[in-house]
Amino acid sequence: MPDLSHGDNAAAVNALRSAVMLLGRRLKHQRVDESLSPTEMSVLGTLARCGSATPGELARKEHVQPPSMTRIVALLEAKGLVRLEPHPEDRRQKVVSQTETAEAMLEESRRKRNVWLSHLADGLDEDEWAKLRAAAPVLEKLAHL
Numbered sequence: 001m002p003d004l005s006h007g008d009n010a011a012a013v014n015a016l017r018s019a020v021m022l023l024g025r026r027l028k029h030q031r032v033d034e035s036l037s038p039t040e041m042s043v044l045g046t047l048a049r050c051g052s053a054t055p056g057e058l059a060r061k062e063h064v065q066p067p068s069m070t071r072i073v074a075l076l077e078a079k080g081l082v083r084l085e086p087h088p089e090d091r092r093q094k095v096v097s098q099t100e101t102a103e104a105m106l107e108e109s110r111r112k113r114n115v116w117l118s119h120l121a122d123g124l125d126e127d128e129w130a131k132l133r134a135a136a137p138v139l140e141k142l143a144h145l
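With full-length UniProt numbering, you'll find the sequence shown wraps up at 145, consecutive numbering, no jumps.
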């Protein structure tokens, strides 16, 4: 763990937090479907990354209460973005899967955000771009710790 009592480390952590939060907020505005809430988009993203899951598993992954996830899943199902199927081992539960419509929407959303980021990166010089390429795997690791 970095020594945050060291001024340079504390400043770097503060700058990283601030930059990641600002960039994340700006990326959230690059949406394809404005009718979906950020939470609904997050649930679809989790399904895309992790595959089908029960509402309880989704609630844990998204850090929301199960009743909230039940409402979110119902909204997504009504919009044709997820489907509920019987659990293969426990008839009391359902398994949530994304639909082809959701897959296409997520792909378009990723494309739009990548284009937006590419335009931002056009303003970087070669040294900055090299640093960004080197930092990407480290940021990915931090995101999944």
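Note that CB positions come from ideal geometry on N, CA and C, so glycine has one too. Keep in mind the model is a prediction, meaning the values are calculated, not measured.
- Query: If you run the structure through DSSP and keep just helix, strand and coil, what is K79?
  - Reply: coil
Exercise. Going by the CB atoms, is the gap between V64 and R83 shorter than 9 Å?
Worked result: no
- prompt: How far does the alpha helix (DSSP H) with V138 in it reach, from first residue to last?
  reply: E126 to A143
Report task. Could you check which residue in A15, D33 and N14 has the C-alpha nearest to that of A102? Result -> D33
Counterpart residues of K94 in DSSP-defined beta bridges:
P86
Would you call the CB atoms of P55 and K94 closer than 9 Å? yes
inquiry  = Between the alpha carbons of M105 and G7, how many angstroms are there, rounded?
reply    = 44 Å
Check your understanding: Cβ atoms of L75 and Q98: under 9 Å apart, would you say?
Key -> no
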